[in-house]
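Reviewing the structure listed below.
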Amino acid sequence: MRFTANYTNKVDKKGRVSVPSRFRALLAASEFNGVAVYESFKLPCLEASSREFIDGLSEQLNEEFGAFDDEKEALAAALLGGTFDLPFDAEGRILLPQPLLRFAGITDTAVFVGVGEKFLIWEPQAWEVYREEQRALARAAALKLGALRRRPELSRGAET
C-alpha cells in the first residue's frame, strides 16, 4: 500500500472531512472500513494509516522492547493510546476529533499528503512551510546525488 500525491479538502464545522478517493481505495483492502489517525511524533500534523499498519507497529514494539520497558510504555501510550480509529461515513468522510484538530491547527481546510505506507493531514499554511523546507533539502540531496553519480569512483557498481 503506497499513498502518493496530495489533496486539499474542506473540513465542516463538525470536523468532518472527505478522505481522498485514491486513499480510500487503498484502504479498502483493510478489514476496518476507515482509517487510523494519530498525532505525529515529529511534525505538527496528523498521521494516518490502515489499522494493519498500527497493528504492525504494536508488534514491532513487542519485539523490540521488554514487557515492562519504560520506552515501550511511553511509545505505546503515545502511539497506541493516541490513535483514533475513524470509520468512513457513506460519503467517504471521517470525523476528526477535536484533540486531533487542535494538535494540527486544522480549522476549515486540510491537506492530505501521501508519504508511502501512511499519509499526513496538515493545516494548509503549515504544510506550505514544511513543503518548502523539504523541497530545499531534496534539491540539495539531488545535487549531491548528481555529483556522486558524475564521479565514477563513487558511483554504485564502481570497481574497487
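With the numbering used here applied, the sequence shown closes on residue 161, and no number is skipped along the way.
Every residue, glycine too, gets a C-beta built ideally from N, C-alpha and C.
Exercise for review: Report the rounded CA-to-CA distance for R17 versus R132, giving the unit in angstroms.
Suggested key: 24 angstroms
**Study point:** Bridge-paired residues (DSSP) for I122
**Key:** L47 and F113
**Study point:** Cβ contact (3+ pairs, closer than 8 angstroms) linking the stretch 50-60 and the stretch 21-41
**Key:** yes
**Study point:** Same chain, Cβ closer than 8 angstroms to P88, five either side skipped, listed in chain order
**Key:** F33, N34, G35 and I95
Point to revise | Cα-Cα separation, S164 to P98 | key: One cannot answer for residue 164 here, as it falls past the ends of the chain, which runs 2 to 161.
Check your understanding: Counting only runs that start and end within the stretch 75-112, where is the beta strand (DSSP E) found for 3 or more residues in a row?
Key -> 85-88 and 94-96
Exercise for review: Return the first residue and the last residue of the beta strand (DSSP E) that R17 is part of.
Suggested key: R17 to S19
Check your understanding: Of all the options K119, A91 and W123, which has the alpha carbon lying nearest to the alpha carbon of G106?
Key -> W123
Practice item. Counting only the same chain and skipping the five closest in sequence on each side, list residues whose C-beta sits under 6 angstroms from that of E73. Key: Before going further, note that residue 73 is Lys rather than Glu in the sequence given. Result list for K73: L62 and F66, in chain order.
Review point. Once you ignore the five residues that flank Y8 on each side, which residues in its own chain have a CB closer than 6 angstroms to its CB?
Key: P21 and F113
**Study point:** Heavy atom of the ligand ADP within 8 angstroms of E40 beta-carbon
**Key:** With respect to the ligand ADP, the structure shown offers nothing to examine, as it has no ligands at all.
Check your understanding: For T161, which three-state DSSP category applies?
Key -> Since pLDDT at T161 reaches only 43, below the 50 mark, its modelled position is unreliable, and the value read off the structure follows with that caveat. T161 falls in the coil class under three-state DSSP.
Exercise for review: Check each candidate in D70, A75, Y39 and R140 and name the one with the smallest Cα separation from I55.
Suggested key: Y39
Exercise for review: Assign V116 to buried or exposed, taking buried as 16 or more other Cβ atoms, counted over all protein chains shown, within 10 Å of its Cβ.
Suggested key: exposed
Review point. Going by beta carbon distance, what residues of the same chain come within less than 6 angstroms of F104, once the five residues before and after it are set aside?
Key: E40
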